[in-house]
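Asker:
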Amino acid sequence: MTIDARTPGLSRRAVLRAGAAGAAGLALSGGARRTAAAGAGTARASYVPQPNPAQAVLRVAATALDPDGMAAVGGVTANGTLPGPEIRARQGDLLRILVENQLADSPTAVHWHGLLVPAGMDGVPGIANAPIAPQRVYVYEFPLRQSGTYWYHSHWGFQEQVGLFGPLVIDEPEGKPIVRDPVVMLSDWLHRAPAQVYAALRDRGSAGATPQAGTGGMGSMASMGTADLSDVRYDAFLLNGKSGAAPWTYAAPAGEPIRLRLINAAASTLFELRLDGHPLRLTHADGLAIEPLEVDHLLMGMAECYDAVVMLSGPGSYTLHAVAQDGSGQAIGVLHTPDVTPQANRAVPAFDGRALRYADLRAAAPTTLPDGPARVFDLPLQGDMARYVWMLGGQAYPRADPLVIREGDRVRLTMKNETGMWHPMHLHGHFFRVLQGGGDRCPLKHTVNVAPGETVAVEFIADNPGDWFFHCHNLYHLEAGMARVFQYRV
Ligand code: C2O
Ligand code: CU
Ligand code: CU
C-alpha cells in the first residue's frame with residue numbers, strides 16, 4: 001500500500017538527500033519555484049522528524065477567461081491560469097500553501113482532493129475551516145503521507161466550475177519511475193454563470209418538469225434507457241484548459257513510456273476516454289497503485305483520477321478523446337512523436353473493446369482493514385425532481401444529521417442509487433475500499449462513481465479524527481443537498 005499511516009518523517013539520510021535534491025521538492029508550472037528549505041542541505045542531526053518543507057503560493061483572483069475562443073467569461077483562477085499551477089511535491093515533504101484571496105467580494109476555500117490531511121487543513125468552509133475572507137491570506141500546511149495524482153479545487157460556491165482548480169502531484173519518495181508524466185486535466189466550461197444555471201434547474205424543478213435528458217445513445221451508454229445523463233448543457237469541454245480548436249499537445253519518442261496523470265476536474269461531466277490506436281495500461285486509481293490493468297477505454301466520474309501508461313507505437317499523431325457522457329461534445333489532446341507536427345482527430349471514437357469495470361480493479365497490496373467495531377450506514381442516493389433537491393440517506397445537506405463515528409470504527413456504507421443519474425460519491429480525509437469482487441485486494445478510492453440503479457458498498461477505517469464531508473462530486477447535486485458529514489465523537 002502506498003499510504004504511510006505512521007507519523008510522517010524522514011530518516012536523517014533522507015533529509016540530507018532531500019536537501020541535495022533541493023528545489024525538486026516543489027515545482028510550479030507557472031515558472032515560480034520556491035522552497036522554504038533554505039539551508040536544508042546543511043547537515044543537522046536531529047531526533048525529531050523534520051519533513052522537507054515545500055511551499056507554494058496560490059493567488060485567487062477574478063480572471064477573464066476565453067478558453068474556447070468564443071466568449072470572454074468572468075472566471076476565478078489561481079495565479080491567473082486555467083487550470084491553476086501544478087503543485088509538485090514529494091511524499092514525506094511538509095507542504096505549505098499560502099492562499100491569498102484577492103477577490104473583491106467573495107470568500108474562498110481550497111480543498112486538497114484525495115489527500116490525507118489533518119481535519120483543520122481540509123478547506124471545507126463550515127466543516128473543516130472558516131472561509132477565507134476577501135483580501136485575506138490563509139496558510140494550509142500538512143505532511144504528505146502518500147504519493148500519486150491528486151488535485152485541488154475551491155470548495156466555495158461555484159468557484160470550481162469557473163476555474164479554481166489545479167493538479168497536485170506527489171512523487172514517490174524514491175523518485176519518479178517514469179520520467180514523462182504529464183497531467184491531463186479535464187473540465188467543463190460554461191459561457192453563462194453557474195449560479196444562473198443552478199437557478200434555472202431549481203425553477204424547472206419547481207415547475208414540475210423533469211430534468212433534460214441527455215442525448216444518450218452513445219455506444220456503451222445506450223443501455224441506460226431513460227437515465228438522465230446530465231442536467232447542464234456545456235459550451236465546451238477542456239483538456240488542460242484548452243478546447244478542441246487548439247488542443248493540448250505532447251511530444252514523446254515512440255516506445256518510451258508516458259504516464260498520463262488523468263484527472264476529471266469537471267463540475268458535472270463524466271467522460272469516456274480513449275486514445276486512438278493504443279490501449280491504456282492503468283497503474284493507479286485515485287492516486288494509489290493498482291495491479292496494472294489494460295483497457296481500451298474508461299469512464300471517469302467527476303473527481304476520479306487514474307494514471308495510464310502508454311507507449312506510442314510509431315511515428316505519428318494520436319488523439320486522446322474524452323467524450324462527455326451525454327454525447328454533447330468532447331475534450332481532446334494530441335500525443336505525437338517529435339518528428340511529426342501534431343494533428344488532431346476530431347471524430348468521436350467508438351467505445352468498443354475492453355471497458356474499465358471497478359470489479360476488475362485490484363490494489364497493488366492487500367487492503368483489508370484492521371479489526372474494529374463495525375458501524376454500518378445505509379445511505380440511499382435520492383433525488384426529488386419536483387424541487388431539484390438531491391439527498392443522501394433521506395436528508396438534504398445542510399439540514400441533515402451528522403453521521404457519528406468513533407476513532408477505530410470499521411465504517412461500512414451501502415449506497416443504493418435510486419435515481420436515473422450517476423453520482424460520483426467522494427469522502428474527504430480517508431480512502432475507502434470499494435467492495436466489488438476484489439477480495440483482500442479491493443481497490444482503495446476517494447471517489448466511487450455509482451451508476452443509476454446500482455448499489456455500491458464501501459468500507460473504511462476511522463483513523464483521521466475530525467469532521468469530514470461526504471458528498472456527490474456533481475457540483476449542482478452538492479449544492480442541492482447531496483452531502484453529509486462524518487463526525488468523530490469521543
Ligand atoms: Cu473534491 Cu468535497 O471535494
Ligand atoms: Cu475531497
Ligand atoms: Cu450526484
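Numbering (the working numbering), first residue to last: 1 to 490. For every residue, glycine included, the Cβ atom is placed at its ideal position computed from N, Cα and C. The structure displayed is predicted, hence computed values, not measured ones.
#1: So, Ala-104 versus Leu-238, is the Cβ gap smaller than 8 Å?
#2: Select from Asp-307, Ala-400, Leu-116 the residue whose C-alpha is nearest the C-alpha of Pro-279.
#3: Verify whether the separation of the beta carbon atoms of Thr-367 and Arg-274 is less than 8 Å.
#4: Under DSSP, the beta strand (DSSP E) around Glu-141 begins and ends at which residues?
#5: Can you give the beta carbon distance from Gly-429 to Ala-119, rounded, assuming they're within the 8 Å contact cut?
#6: Under three-state DSSP, which class holds Val-197?
#7: Return helix, strand or coil for Glu-479, following the three-state DSSP convention.
#8: Tell me the rounded alpha-carbon separation between Met-425 and Leu-478.
#9: Which of the three DSSP states is assigned to Asp-467 in this structure?
#10: Compute the Euclidean distance between the alpha carbons of Arg-261 and Leu-282, then round it to the nearest angstrom.
#11: Work out the CA separation of Arg-489 and Ala-130 for me, nearest whole Å.
#12: Taking 8 Å as the threshold, find out whether the stretch 123 to 140 comes into contact with the stretch 75 to 94 through three or more Cβ pairs.
#13: Figure out for me which residue from Glu-174, Met-391, Leu-312, Phe-486 has the closest Cα to the Cα of Ala-462.
#14: Within the stretch 115 to 194, note down every full beta strand (DSSP E) run reaching 3 residues or more, in order along the chain.
#15: Between Leu-270 and Val-117, what straight-line distance do the alpha-carbon atoms span, to the nearest angstrom?
#16: Taking Cβ to Cβ, would you say Ile-170 is nearer than 8 Å to Arg-233?
#17: Could you please give the first and the last residue of the uninterrupted beta strand (DSSP E) stretch that includes Asn-264?
#18: With H, G and I counted as helix, E and B as strand and the rest as coil, what does DSSP make of Ala-36?
#19: Please name the residue, chosen from Met-300, Glu-272, Gly-333, that lies closest to Val-323 on a Cα-to-Cα basis.
#20: Can you round the beta-carbon distance between Asp-467 and Ala-128 to whole angstroms, since I take them to be within the 8 Å contact cut?
#21: Which value, in whole angstroms, describes the spacing of the CA atoms of Val-448 and Glu-141?
#22: Verify whether the separation of the beta carbon atoms of Gly-314 and Ala-254 is less than 8 Å.
#23: Flag this pair as yes or no: are the beta carbons of Tyr-152 and His-111 separated by less than 8 Å?
#24: Compute the minimum distance between the beta carbon of His-284 and the heavy atoms of ligand 2, and state whether it is under 7 Å.
#25: With distances taken Cα to Cα, identify the nearest neighbour of Gly-98 among Gly-69, Glu-174, Leu-58, Thr-337.
#26: Roughly how many angstroms lie between the CA atoms of Phe-470 and Met-391, to the nearest whole one?
#27: Listed in chain order, which residues are found with a beta carbon closer than 5 Å to a heavy atom of ligand 2?
#28: Give the straight-line distance between the Cα atoms of Asp-326 and Pro-370, rounded to the nearest whole angstrom.
#29: Do you know offhand how far Ala-222's Cα is from Ala-56's?
#30: Would the stretch 399 to 411 count as touching the stretch 452 to 462 if we require 3 or more Cβ pairs under 8 Å?
#31: Shortest alpha-carbon distance to Leu-570 belongs to which of Ala-483, Arg-354, Gly-372?
#32: With a 10 Å radius around its C-beta and 16 neighbouring C-beta atoms as the bar for buried, classify Ile-178 as buried or exposed.
#33: Does ligand 1 have even one heavy atom less than 7 Å from the beta-carbon of Val-124?
#34: Take the Cβ of His-473 as the centre, count every other Cβ of all protein chains shown within 10 Å, and call the residue buried at 16 or more, exposed below.
#35: Which of the three DSSP states is assigned to Tyr-358 in this structure?
#36: Output needed for Ala-480: all residues of its chain with C-beta closer than 6 Å, excluding positions within five of it in sequence on either side, in chain order.
Answerer: Working from what's here:
#1: To locate residue 104, count along the sequence shown from 1; it is residue 104. To locate residue 238, count along the sequence shown from 1; it is residue 238. No, Cβ-Cβ distance for Ala-104 and Leu-238 is not below 8 Å.
#2: Position 279 of the sequence shown, counting from 1, holds the residue named residue 279. Selected option, being the one with the closest Cα: Asp-307.
#3: Here residue 367 corresponds to residue number 367 of the sequence shown, with the count starting at 1. Here residue 274 corresponds to residue number 274 of the sequence shown, with the count starting at 1. Going by C-beta atoms, Thr-367 is not nearer than 8 Å to Arg-274.
#4: Mapped onto the sequence shown, residue 141 falls at position 141. Element bounds for Glu-141: 137 to 143.
#5: Counted from its first residue, the sequence shown places residue 429 at position 429. Counted from its first residue, the sequence shown places residue 119 at position 119. In this structure Gly-429 touches Ala-119 by the C-beta definition: roughly 7 Å separates them, less than 8 Å.
#6: Numbered from 1 along the sequence shown, position 197 holds the residue referred to as residue 197. Helix, per DSSP.
#7: The residue labelled residue 479 in the question sits at position 479 within the sequence shown. The answer is helix: DSSP assigns Glu-479 an H, G or I state.
#8: Residue 425 sits at position 425 when you count from the first residue of the sequence shown. Residue 478 sits at position 478 when you count from the first residue of the sequence shown. Each residue's alpha carbon lies about 10 Å from the other.
#9: Residue 467 sits at position 467 when you count from the first residue of the sequence shown. Strand.
#10: Here the question's residue 261 lines up with position 261 in the sequence shown. Here the question's residue 282 lines up with position 282 in the sequence shown. Approximately 10 Å between the Cα atoms of the pair.
#11: Mapped onto the sequence shown, residue 130 falls at position 130. Mapped onto the sequence shown, residue 489 falls at position 489. Taking the straight line from one Cα to the other gives about 21 Å.
#12: Look at the beta carbons and you see the stretch 123 to 140 not touching the stretch 75 to 94: under three pairs across the two are nearer than 8 Å.
#13: Locating residue 462 in the sequence shown gives position 462, counting from the first residue. Among Glu-174, Met-391, Leu-312, Phe-486, the Cα nearest to that of Ala-462 is on Phe-486.
#14: If we require 3 residues or more, the beta strand (DSSP E) runs fully inside the stretch 115 to 194 come out as 137 to 143, 148 to 154, 165 to 171, 183 to 189.
#15: On the sequence shown, position 270 is the one that residue 270 refers to. On the sequence shown, position 117 is the one that residue 117 refers to. Straight-line Cα distance between these residues: approximately 27 Å.
#16: In the sequence shown, counting from the first residue as 1, residue 170 sits at position 170. In the sequence shown, counting from the first residue as 1, residue 233 sits at position 233. No, they are not a contact pair.
#17: Counting from one through the sequence shown, the residue named residue 264 turns up at place 264. From DSSP, the beta strand (DSSP E) with Asn-264 extends over 257 to 264.
#18: On the sequence shown, position 36 is the one that residue 36 refers to. Low per-residue confidence applies at Ala-36: pLDDT is 36, beneath 50, and the placement is therefore not dependable, though the value from the model is reported in the following sentence. It is coil, neither helix nor strand.
#19: Here residue 323 corresponds to residue number 323 of the sequence shown, with the count starting at 1. Measuring from the Cα of Val-323, the nearest candidate turns out to be Glu-272.
#20: Taking the first residue of the sequence shown as 1, we reach residue 467 at position 467. Taking the first residue of the sequence shown as 1, we reach residue 128 at position 128. At roughly 7 Å, the Cβ-Cβ gap stays under 8 Å, so Asp-467 and Ala-128 are in contact.
#21: Numbered from 1 along the sequence shown, position 448 holds the residue referred to as residue 448. Numbered from 1 along the sequence shown, position 141 holds the residue referred to as residue 141. Their backbone Cα atoms lie some 27 Å apart in a straight line.
#22: Here the question's residue 314 lines up with position 314 in the sequence shown. Here the question's residue 254 lines up with position 254 in the sequence shown. In contact: Gly-314 and Ala-254 (Cβ atoms closer than 8 Å).
#23: Working through the sequence shown from its first residue, we reach residue 152 at position 152. Working through the sequence shown from its first residue, we reach residue 111 at position 111. At a Cβ-Cβ threshold of 8 Å, Tyr-152 and His-111 count as neighbours.
#24: Counting from one through the sequence shown, the residue named residue 284 turns up at place 284. His-284 Cβ: outside cutoff for every heavy atom of ligand 2.
#25: As a position in the sequence shown, residue 98 is number 98, starting the count at 1. Note on residue identity: the sequence assigns Leu, not Gly, to residue 98. Nearest Cα to Leu-98 within the set Gly-69, Glu-174, Leu-58, Thr-337: Leu-58.
#26: Stepping through the sequence shown from its first residue, residue 470 is reached at position 470. Stepping through the sequence shown from its first residue, residue 391 is reached at position 391. Rounded to whole angstroms, the gap between the alpha carbons of Phe-470 and Met-391 is 12 Å.
#27: Residues whose Cβ lies closer than 5 Å to any heavy atom of ligand 2, listed in chain order: His-113, His-428.
#28: Walking along the sequence shown from the start, residue 326 turns up at place 326. Walking along the sequence shown from the start, residue 370 turns up at place 370. Rounded to the nearest angstrom, the two C-alpha atoms are 41 Å apart.
#29: For this step, residue 222 is matched to residue 222 along the sequence shown. For this step, residue 56 is matched to residue 56 along the sequence shown. At Ala-222 the pLDDT is 28, less than 50, meaning the model places this residue with poor confidence and gives no usable figure here.
#30: The stretch 399 to 411 is in contact with the stretch 452 to 462.
#31: This structure leaves residue 570 out entirely; the chain is present only between 1 and 490.
#32: Sequence index remark: in the sequence shown, residue 178 carries index 178 (1-based). Classification for Ile-178: exposed.
#33: Residue 124 sits at position 124 when you count from the first residue of the sequence shown. Yes, since a heavy atom of ligand 1 falls inside the 7 Å radius drawn around the Cβ of Val-124.
#34: Start at 1 with the first residue of the sequence shown, and residue 473 comes out as number 473. Counting other Cβ atoms within 10 Å of its Cβ, His-473 reaches 16 or more and is therefore classed as buried.
#35: Translated into the one-based positions of the sequence shown, residue 358 becomes position 358. Three-state result, Tyr-358: helix.
#36: Numbered from its first residue, the sequence shown carries residue 480 at position 480. Correct list, in chain order: Tyr-388, Val-389, Trp-390.
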